[in-house]
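Here is the structure we will look at.
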Amino acid sequence: MNFFCTERPSGAAVVALLQVSGNFMFDAADHRDFLGAVLGTGIERDRVGDILVQGERGAQVLATPEMATFLSQARPVCMMALVPI
Amino acid sequence: MLASLRPALLARLGVRAATPAASSRAAAIGGRAARRGWTTTTTTTTTTTTRGRASHRRGGRRSTTTVAAKGGKGKDKDPPRASGLLSGVHPDSLVACASIAERAEAASDAWSVHVTPFLDPALAADALAVVGRMADVDARPWGGYDRAERVRLVIGRAEVLDAPPASEGDERRGVGSSFAELSGDDTASGAFQHTNVFHPSPGFNT
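The listed protein sequences correspond, in order, to chains W and D.
Okay, so the first sequence: first residue is 1 according to the numbering used here, each after it adds one.
Okay, so the second sequence: first residue is 1001 according to the numbering used here, each after it adds one.
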């Protein structure tokens, strides 16, 4: 899982983009699966922004930069819907 | 929830919470008003007691009292009523908007930037309306891309928000430092000297 920080109108980054990639062809996951996996790590809802589901390729999760490092290393997220990501 | 906020802030924002204490206070005021012949206007949500004659002063302060109280009988279901800065805000978003307004005021005073957590679309719209009514404060919604539903509000003075970063190249270099090794030439003797900060001999660059 990779994450990138997107710039805000001025100054430091306020939003981080996490690319959740994996093979979801045979075990499809939708928005609630990704959201459940993210919130299952214990972080609050207001730390997570939109979740852009990309079908078989995974999803993109927008979160605060503070949470991006945590989410990229969180065990429940790295194995989601029996698909290693 | 509203009781957790400072009374001074609530008074300034125009929030009048319908609390049991306020209800009993309003009832007491209404009883006194009836005995003294004052006019009492009762609506379904508020009880406003004013004096019909010239303004009555008690201890140098006007005694005209406006207290939110439960006008009818039954359960205390009435949501908090807002006016002024928070007028038109949904009752569910009232506390969050009051908190954002307080932080916006602090950001304006300190010429700093405050970033909220991710907000729901409804709450973000209410918060944008509240901040839009405030003077010298501006808010920019940003959710990572255009037309994002859940956004964070970057709040501060317009001059601060529109100002470019002090050293954009330094910031990008800091973000990407894990991918490219930095040397002393890149930091102090390189990037720092482009910020118009005089440094005769930048040493100890590792």
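Positions of the beta carbon are idealized from the N, C-alpha and C atoms, including for glycine.
Query raised in the report: Three-state secondary structure (DSSP) at residue 1117 of chain D?
Result: coil
Query raised in the report: Which value, in whole angstroms, describes the spacing of the CA atoms of residue 1104 of chain D and residue 1123 of chain D?
Result: If you take the alpha carbons of residue 1104 of chain D and residue 1123 of chain D, they lie about 15 Å apart.
Query raised in the report: What residues in the segment 1126–1146 of chain D bring their beta carbon closer than 7 Å to a beta carbon of chain W?
Result: 1140, 1142, 1143 and 1144
Query - Contacts of residue 1121 of chain D in chain W (Cβ-Cβ under 7 Å) - result: What residue 1121 of chain D touches in chain W: nothing, since even the nearest Cβ is about 11 Å away.
Query raised in the report: Under the rule that 16 or more other beta-carbon atoms within 10 Å means buried, what is residue 15 of chain W, buried or exposed?
Result: buried
Query raised in the report: Along chain D, in chain order, which residues have C-beta atoms closer than 7 Å to that of residue 15 of chain W?
Result: 1142, 1143, 1144 and 1152
Query raised in the report: Does the beta carbon of residue 33 of chain W sit closer than 7 Å to a beta carbon anywhere in chain D?
Result: no
Query - For residue 1113 of chain D and residue 1215 of chain D, believed in contact at Cβ under 8 Å, the rounded distance - result: Nothing about residue 1215 of chain D can be reported from this structure: the residues present for chain D run from 1001 to 1206 only.
Query raised in the report: At a cut of 8 Å, does the segment 51–70 of chain W reach the segment 13–30 of chain W through at least three beta carbon pairs?
Result: yes
Query raised in the report: residue 1102 of chain D touches chain W at which residues, Cβ-Cβ below 8 Å?
Result: Ordered by position in chain W, no residue passes the 8 Å Cβ test against residue 1102 of chain D, which lies about 17 Å from the chain.
Query raised in the report: In chain W, which residues lie with their C-beta within 7 Å of the C-beta of residue 1149 of chain D?
Result: 50
Report task. Output yes or no for whether 7 Å exceeds the beta carbon distance between residue 1161 of chain D and residue 1133 of chain D. Result -> No, the pair does not count as a contact, with Cβ atoms beyond the cut-off.
Query raised in the report: When DSSP builds the beta bridges, which residues end up paired with residue 21 of chain W?
Result: W/58
Query raised in the report: Taking Cβ positions, are residue 34 of chain W and residue 51 of chain W nearer each other than 7 Å?
Result: yes
Requested in this report: Can you grab the Cα-Cα spacing for the pair residue 47 of chain W / residue 39 of chain W, in whole Å?
Outcome: 9 Å
Query raised in the report: Who are the neighbours of residue 57 of chain W on chain D, taking C-beta pairs under 8 Å?
Result: Per Cβ cutoff of 8 Å: no residues; residue 57 of chain W is ~17 Å from chain D at best.
Query - Contacts that residue 1115 of chain D makes with chain W (C-beta to C-beta distance below 7 Å) - result: 14
Requested in this report: Pick out whichever of D/1146, D/1145 and D/1111 has its Cα sitting closest to the Cα of residue 1159 of chain D.
Outcome: D/1111
Requested in this report: Kindly say whether residue 46 of chain W, judged by its beta-carbon, lies nearer than 7 Å to any beta-carbon of chain D.
Outcome: With its beta carbon less than 7 Å from one in chain D, residue 46 of chain W belongs to the interface.
Query raised in the report: Does DSSP classify residue 1137 of chain D as helix, strand or coil?
Result: coil
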